[in-house]
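Presented below is the structure to which this report refers.
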Amino acid sequence: MMKHLLLPLALLFIWGASESHAAQTLPSLAEVKEWKIEWGGRPRDPFVAPDGKVWFCGQAGNYIGRLEPLHGGLTRFEVPEKSHPHNVIVDKQGLVWYAGNQNGHIGRITPADGKVKEFLMPQEISDPHTLVFDQQENIWFTAQHSNAIGKLDTGTGQVRFVSATQKRSRPYGIAVDSNNHPWSVLLGTNKLATVNATTFELSEVSLPREDARPRRLAITRDDNIWYVDYAGSYLGRYNPKTKAFREWKMPSYPASNPYGMALDYGGRLWIAETGQYPNKMVVFDTQKESFISSTPIPSGGAIRHMYYDDKQDKIWFGVDTGYISHIGLRR
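Counted the way mature numbering (1 follows the signal peptide of the UniProt record, and there is no 0) counts, the sequence shown spans residues -22 to -1, 1 to 309.
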């Protein structure tokens, strides 16, 4: 079941304070550390396990990798042929889950022996894309070209899904709110989507601008939905309680193309401006409602997805030039 929410945007939409088209000049308050990945293969989507080791995808190289940050040691884990893993997450027991983006499965790796268990998708789902745990460590996921949002019960292996209403909606980034409901951005549209975890009812919310194309999102403690508009070079906020929007132009507007995005413990959003080369990592303080930092990434390359490690207070990301990196505010 699906419902579509049409909002009185003239009443609910507030523009950001800066209307200037000139790029903002910001200080660099952050430091970057990089590790070269010897296998190449577009390393991406790092995730920090409970033991501090960092797992990542070699999407083009068809492998899962593990980095030990203290000494730089690397371990490679093979996955089924033509998996081309797109995203990886690690549960509290240290089991590693990845999205088999090209052959329709979600895989689970046992680190001790490298064994892979495949959870096959229904016939309608060919491309698991981005994964996120809910509060019970079941996995919600997007399937961009299958046009669906799904859920894998990690205990039983059961998979359920619901399709977006519009063809080629392209469900992309995904996050879970405090009520245990997933939210996704629909990159092929100007919409957000959410699924009621109990009824599996899909709801869609239109963004204020028809030409917006949201790509990633994050959810703050107050359950506000923050999204980046890749096409329009905006950062936006949607309040599900009041239905109000507010948007800010990115520092490199109109050539920002914001993509990877993560929220740290201090309520700061870290956003990759991939329209800039090298990419810039900008920081937005959600309390002050302003951008506070911009740092170029030395290795260049596109930053597609990011993960916040609250133990070390670092944002982890991969770049297409073959590096896994982290960034944090200078102390």
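The beta-carbon is built from N, C-alpha and C at its ideal position, and this holds for glycine as well.
None of the values given here were measured: they were computed from a predicted structure.
| query | result |
| --- | --- |
| Rounded straight-line distance, which links the Cα of D105 to that of S124 | 7 Å |
| Cα-Cα separation between S6 and L48, rounded to whole angstroms | 25 Å |
| Through-space distance from W248 to W75, alpha-carbon basis | 24 Å |
| Proximity test, V206 beta-carbon vs the ligand PLP heavy atom, cut-off 7 Å | Of ligands this structure carries none, so the ligand PLP is not represented either. |
| The stretch 33 to 41 contacting the stretch 56 to 71, beta-carbon criterion three pairs below 8 Å | yes |
| Three-state secondary structure (DSSP) of S272 | strand |
| CA nearest to the CA of E9, picked from R282, M284 and M259 | M259 |
| Best match in I152, D91 and T252 for proximity to L165 [C-alpha to C-alpha] | I152 |
| Every unbroken beta strand (DSSP E) inside the stretch 167 to 237 [3 residues or more] | 169 to 173, 180 to 184, 192 to 197, 203 to 207, 212 to 217 and 222 to 227 |
| Alpha-carbon spacing of L213 relative to F55, whole angstroms | 36 Å |
| Alpha carbon of T273 to alpha carbon of P100, nearest angstrom | 42 Å |
| Residue range of the beta strand (DSSP E) that includes A121 | I117 to A121 |
| Euclidean distance between Cα positions of A190 and K169 | 8 Å |
| F111 in three-state terms, based on DSSP | strand |
| Nonlocal neighbours in the same chain, by C-beta distance under 7 Å from E(-4), ignoring five residues either side | The pLDDT assigned to E(-4) is 45, lower than 50, so where the model puts this residue is not dependable; a value taken from the coordinates is nonetheless given after this. So the list is empty, once near-sequence residues are dropped. |
| With 16 other Cβ atoms within 10 Å as the buried cut-off, status of Q254 | buried |
| Closest Cα partner of N158 within the set L195, I117, E251 and S184 | I117 |
| C-alpha distance - V163 paired with K14, whole-angstrom precision | 31 Å |
| Inter-residue spacing [alpha-carbon to alpha-carbon] between P192 and V94 | 33 Å |
| Test: S6 CB closer than 8 Å to a CB of chain D | The chain inventory of the structure shown lacks chain D, comprising one protein chain alone. |
| E182 classed as buried or exposed, judged by whether at least 16 other C-beta atoms fall within 10 angstroms | buried |
| Exposure label - P276; buried when at least 16 CB within 10 Å | exposed |
| Other residues of its chain near S303: CB distance less than 8 Å, five sequence neighbours each side excluded | V10, K11, E12, W13, I275, S277, W294, F295, G296 and V297 |
| Q2 to Y150 span [Cα, whole Å] | 28 Å |
| Residue interval of the beta strand (DSSP E) (run including E46) | Y41 to E46 |
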